[in-house]
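Written below as structure tokens is the structure these notes are about.
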């Protein structure tokens with residue numbers, strides 16, 4: 005597809021990297037000449053210097069002939085205007101990054117009246133991801149498929165874990181819970197494991213199963229944590245606001261610590277169910293005074309990565325059950341693993357993952373393909389896709405043990421008549437099923453692409 009990206013900030017740059025790697029024809033527009041020079045020299049893309057909302061600049065970028073325009077500048081208004089101009093001159097689809105909470109309340113109007121295909125709010129998306137983890141605090145990350153019937157959950161193997169040093173075959177025999185380990189990250193290496201694969205301390209594993217099966221497995225290996233019922237949020241910015249609103253609506257006790265007095269007054273008006281405290285969340289005396297140790301979760305959401313890291317390390321030292329830091333620089337997030345603080349979230353990664361998934365869904369709809377859901381996991385190095393099985397699929401009804409699949413690819417789950425099935429060799433894919441496939445090396449357009457002879 006031909007895609008025009010306006011704005012080469014953190015999100016725009018990452019989108020350019022990911023989408024150009026998938027073979028899309030990318031044009032990047034930015035006011036900064038040095039930024040354009042850098043991105044053109046780094047990736048196989050076309051760069052245009054100028055205002056992305058300008059009719060002249062958009063015509064030069066070929067927006068009128070593009071399949072998609074993504075407006076990802078730091079200005080909501082510029083992004084909305086860029087999409088309006090693009091739609092008028094012929095762009096088939098438009099995506100705007102919109103961060104202002106006031107605009108977020110008008111999403112239906114923005115999409116329907118202004119013709120935007122997708123309005124994405126990085127802070128709101130990040131808050132939604134954190135809220136999912138707080139509902140299942142044993143996990144570092146969680147994705148849901150098939151309307152919540154199947155979860156894709158990441159955990160880390162601790163030193164005292166009963167599964168460390170055991171093969172996946174041994175684990176399957178020792179525990180009755182129906183789960184399937186589909187990805188293992190060991191340092192910088194990614195494995196799509198078979199039954200002989202042996203887990204080690206420090207491995208990050210991603211497993212599939214229905215929520216009940218995953219919960220049962222966590223209980224059996226001793227890492228199950230009850231759903232968080234209270235949370236202390238350090239930082240009352242946009243993410244803190246969206247998260248507190250979502251959590252209080254679900255009945256959780258929420259306390260926000262924010263050092264800006266005017267912002268505190270504003271938050272108290274917008275969040276009547278939350279407790280707002282004006283103070284510096286980086287001061288450990290204040291955290292103790294406000295009862296940090298009595299909360300089920302601590303979420304560090306200040307504007308400074310290093311501050312979030314220090315707060316999170318302190319909360320971990322106090323044995324707060326669940327600690328979630330916001331870290332924009334993912335290189336810092338990886339360093340956190342070594343000091344015992346895991347599950348960092350990055351608004352940039354959340355946003356780019358959502359947009360790339362939308363682009364892939366667009367591509368598949370153009371090609372009349374059958375992808376239902378797509379998400380990128382394990383630092384966006386692995387894809388998990390949900391396909392629907394049709395009558396036209398090759399090898400429908402053939403046992404999985406008789407199929408030759410591409411390497412580094414796994415059929416992770418089959419959903420049949422609303423029930424999740426962890427597949428074995430004797431199971432088969434049937435028309436009407438939903439099938440979740442995990443792959444590290446392949447771009448899959450259809451379910452037939454999983455076979456070695458495709």
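Numbering (this note's numbering), first residue to last: 5 to 458. Backbone N, C-alpha and C fix where the C-beta goes; we use that ideal spot for every residue, glycine too. Values in this document were obtained by computation on a predicted structure and should not be read as measured data.
Nearest-angstrom beta carbon gap, residue j and residue i [assumed within contact, 8 Å]
i: residue 169; j: residue 202; result: 7 Å
i: residue 381; j: residue 23; result: Their Cβ separation, rounded to whole angstroms, is 18 Å, which puts residue 381 and residue 23 out of contact at 8 Å.
i: residue 140; j: residue 134; result: 12 Å between Cβ atoms; not a contact.
i: residue 32; j: residue 43; result: 5 Å
i: residue 456; j: residue 409; result: 6 Å
i: residue 336; j: residue 315; result: 13 Å between Cβ atoms; not a contact.
i: residue 443; j: residue 386; result: 7 Å
i: residue 448; j: residue 454; result: 6 Å
i: residue 119; j: residue 96; result: With a Cβ gap of about 11 Å, residue 119 and residue 96 do not count as contacting.
Buried versus exposed, by CB contacts within 10 Å (16 or more), residue i
i: residue 395; result: exposed
i: residue 357; result: buried
i: residue 411; result: exposed
i: residue 438; result: buried
i: residue 101; result: buried
i: residue 430; result: exposed
i: residue 289; result: exposed
i: residue 519; result: What the structure shows of the chain is the stretch from 5 to 458, and residue 519 is not part of that stretch, so it cannot be assessed.
i: residue 285; result: buried
i: residue 253; result: exposed
i: residue 242; result: buried
i: residue 330; result: buried
i: residue 401; result: exposed
i: residue 309; result: buried
i: residue 62; result: buried
i: residue 367; result: buried
i: residue 265; result: exposed
i: residue 321; result: exposed
i: residue 56; result: buried
i: residue 214; result: buried
i: residue 180; result: exposed
i: residue 14; result: buried
Residues bridged to residue i [DSSP beta-bridge criterion]
i: residue 208; result: 160, 189
i: residue 257; result: 234
i: residue 494; result: One cannot answer for residue 494 here, as it falls past the ends of the chain, which runs 5 to 458.
i: residue 380; result: 387
Beta-carbon proximity of residue i to residue j, cut-off 8 Å
i: residue 73; j: residue 10; result: yes
i: residue 419; j: residue 153; result: yes
i: residue 393; j: residue 428; result: no
i: residue 237; j: residue 218; result: no
i: residue 282; j: residue 311; result: no
i: residue 112; j: residue 75; result: no
i: residue 324; j: residue 303; result: no
i: residue 417; j: residue 184; result: yes
i: residue 390; j: residue 149; result: yes
i: residue 12; j: residue 29; result: no
i: residue 125; j: residue 151; result: no
For this session: State whether the region 128-142 contacts the region 345-354, with contact taken as three or more CB pairs (one from each stretch) at a distance under 8 Å.
Result: yes
For this session: Say whether the region 206-218 touches the region 158-172, bearing in mind that this needs 3 or more beta-carbon pairs closer than 8 Å, one atom from each stretch.
Result: yes
Exercise. Should the region 269-278 be called in touch with the region 298-307, which here means at least 3 C-beta pairs below 8 Å?
Worked result: no
Exercise. Any chance the region 190-200 sits against the region 220-236, with 3 or more Cβ pairs inside 8 Å?
Worked result: no
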